[in-house]
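Going by the working numbering, the first sequence runs without a break in its numbering and finishes at 305. Ideal Cβ placement from N, Cα and C applies to all residues, glycine included. Fair warning: this is a prediction, and the values are worked out from it, not measured in the lab. Down below is the structure, laid out as structure tokens.
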Amino acid sequence: MKIGYPCVNESLDCTTTSTFRLASYSDERVELAVSNNLRCLLRILQWNVERHFLFFRVGSGVVPFGSHPINTYPWQTRFAAQFREVGDFVKAHDMRISFHPDQFVVLNSHNEDIVERSIQELVYQGSMLDLMGLDSTHKLQIHVGGLYGDREVAIARFIATYERLPEAVRARLVIENDDRLFSLQDCLRVHRAVGIPILFDNFHQECLNHGEPMAEALRLAAATWHPTHDGVMMMDYSSQAHGERKGKHTASIEEDLFRAFVQELGDLDVDIMLEIKDKEASAGRACGILRDVGRLAASLPAAQ
DNA sequence: ATGAGTCAAGGTGAA
DNA sequence: TTCACCTTGACTCAT
2 MKIGYPCVNE SLDCTTTSTF RLASYSDERV ELAVSNNLRC LLRILQWNVE RHFLFFRVGS
62 GVVPFGSHPI NTYPWQTRFA AQFREVGDFV KAHDMRISFH PDQFVVLNSH NEDIVERSIQ
122 ELVYQGSMLD LMGLDSTHKL QIHVGGLYGD REVAIARFIA TYERLPEAVR ARLVIENDDR
182 LFSLQDCLRV HRAVGIPILF DNFHQECLNH GEPMAEALRL AAATWHPTHD GVMMMDYSSQ
242 AHGERKGKHT ASIEEDLFRA FVQELGDLDV DIMLEIKDKE ASAGRACGIL RDVGRLAASL
302 PAAQ
């Protein structure tokens, strides 16, 4: 079991998201930003290893305009060594990383331009994993997409697009149950059609479900991951922010809820991404709870 | 130097 | 029909 947090480290003064405006695009700025972003990515991973956070979600902006036609800078070759260095570090420490392309990636859009741009974004993010030399257990996570008033047609269109994705993307793509439109059961239908694994989100499951008990839902999702090709199931963990709109993530982990959730896990092996606002602070508390119940090694690795 | 407004991109649903 | 919300910082420009 690995614990992680998404995209941003709040303890370090180093980010993987330095960027600039499209209007001020230049090759020089791409060069500068990617150089900074990869340096910080490695630094964050090093920081994480020291605290036994072995799971990390990398943000979409490591390469500014990475899938935009304006960006013709050969970052793949210019930064090949730096990407490889990150990948080597991940492998050396038995870490796992993932990407979560944002809401603009919609594979089931009825607009072919949007589908094509979405595929290009997935190709860009998948190519970073290729450059790192990381295999298909490191994932690209997206939602099924829009509903467009007809669930059946929307799911069919997702499947049709999935089947024509480049292999480098398809091998790594996973779908996540969402909180309003496509439930775990919808994702299972897509899985049965094309074999895509389901990244389970416990909070979305609480928001949108068909009455399955949490323990059963977890096992249904886990069974969609091929042990060697996909690795153990990845999941997102969060809980409701009190007094806020339904679906809003909590600012800080609620330890009692997390303990109860760990009980639902039983002996299931999963890697957990904590989608909680205070990032690594809550990840540390989650690790503490998992050590208490014997699901993580009792002590941190030897001091750096 | 600082604060406010803005940033490539889609879709949903409330107002 | 418009706008806030996904999530959030970081950039950009006006002051």
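(message) On the DSSP bridge list, what partners appear for Gly5?
(response) Phe56, Met274
(request) Quick one: residues in its chain with C-beta nearer than 6 Å to the C-beta of Val64, no 5 flanking neighbours on either side, listed in chain order? (result) So the list reads Val35, Trp76, once near-sequence residues are dropped.
(message) Within a Cβ cutoff of 6 Å, which residues of the same chain sit near Gln188, ignoring the five residues on either side of it in sequence?
(response) Here residue 188 turns out to be Cys, not Gln, going by the sequence shown. If we look at Cys188 and ignore the five residues flanking it on each side, its Cβ neighbours are Ile176, Asn178, Ile199.
(request) In angstroms with no decimal places, state the Cα-to-Cα distance between Val87 and Glu213. (result) 40 Å
(request) Report buried or exposed for Glu276, applying the criterion of at least 16 other Cβ atoms within 10 angstroms of its Cβ. (result) Glu276 sits buried, since 16 or more C-beta atoms from the chains shown fall within 10 Å of its C-beta.
(request) Pick helix, strand or coil for Met234, following the three-state DSSP scheme. (result) In this structure, DSSP gives Met234 an extended state, which the three-state scheme calls strand.
(request) Would you give the residue range spanned by the alpha helix (DSSP H) that Gln206 belongs to? (result) 203-208
(message) Please report the distance separating the alpha-carbon of Thr73 from that of Glu29.
(response) 12 Å
(request) Give me the Cβ distance between Leu174 and Ile197, rounded to the nearest whole Å; I'm assuming they're in contact under 8 Å. (result) Contact check for Leu174 and Ile197: beta-carbon distance about 6 Å, within the 8 Å limit, so the pair qualifies.
(message) Using a Cβ distance threshold of 8 Å, determine whether the stretch 251-268 contacts the stretch 222-234, with at least three qualifying pairs required.
(response) no
(message) Which residue wins for smallest C-alpha separation from Phe262, given the options Gly285, Ala299, Ala218?
(response) Ala218
(message) Buried or exposed for Asp237, going by 16 or more other Cβ atoms inside 10 Å?
(response) buried
(message) According to DSSP, is His192 part of a helix, a strand, or is it coil?
(response) Note: His192 maps to helix in three-state DSSP.
(request) Identify which residue in Val271, Tyr26, Glu207, His205 has its Cα closest to the Cα of Arg220. (result) Val271
(message) Considering Cα atoms alone, identify which of Ala157, Leu182, Ala222, Gly67 is closest to Pro102.
(response) Gly67
(message) Short of 6 Å in beta carbon distance, which residues of its chain neighbour Asn109, apart from the five on each side in sequence? Order them along the chain.
(response) Gly146, Ala155, Arg158, Phe159
(message) So for Ala304, helix, strand or coil by DSSP?
(response) Low local confidence applies: a pLDDT of 43 at Ala304 is under 50, so the model's placement there is unreliable, with the coordinate-based value given in what follows. If DSSP states are grouped into helix, strand and coil, Ala304 belongs with coil.
(message) For Gly5 and Ile71, I'd like the C-alpha separation in whole angstroms.
(response) 33 Å
(request) Tell me, please, whether the stretch 112-124 touches the stretch 40-55 by the rule of three or more beta-carbon pairs shorter than 8 Å. (result) no
(request) Mind checking which residues open and close the beta strand (DSSP E) that includes Gln142? (result) 140-143
(message) Do Arg171 and Met133 count as a contact pair if the criterion is CB distance below 8 Å?
(response) no
(request) Would you grab the beta carbon distance between Ser239 and Asn210 for me? Rounded to a whole angstrom, and I think it's under 8 Å. (result) Taking the Cβ atoms as the reference, Ser239 lies roughly 15 Å from Asn210, outside the contact range of under 8 Å.
(request) Compute the beta-carbon to beta-carbon distance between Met234 and Ala223, rounded to the nearest angstrom, for a pair I have assumed lies under 8 Å. (result) 4 Å
(request) Please list the segments of the beta strand (DSSP E) lying wholly inside the stretch 65-110, counting only runs of 3 or more residues, in order along the chain. (result) 97-100
(message) When you compare the CB positions of Thr16 and Val9, do they come within less than 8 Å of one another, or not?
(response) In contact: Thr16 and Val9 (Cβ atoms closer than 8 Å).
(request) Go ahead and label Lys140 buried or exposed: buried means 16 or more other beta carbons lie within 10 angstroms of its beta carbon, across all protein chains shown. (result) buried
(message) Going by beta-carbon coordinates alone, are Leu297 and Met2 separated by less than 8 Å?
(response) yes
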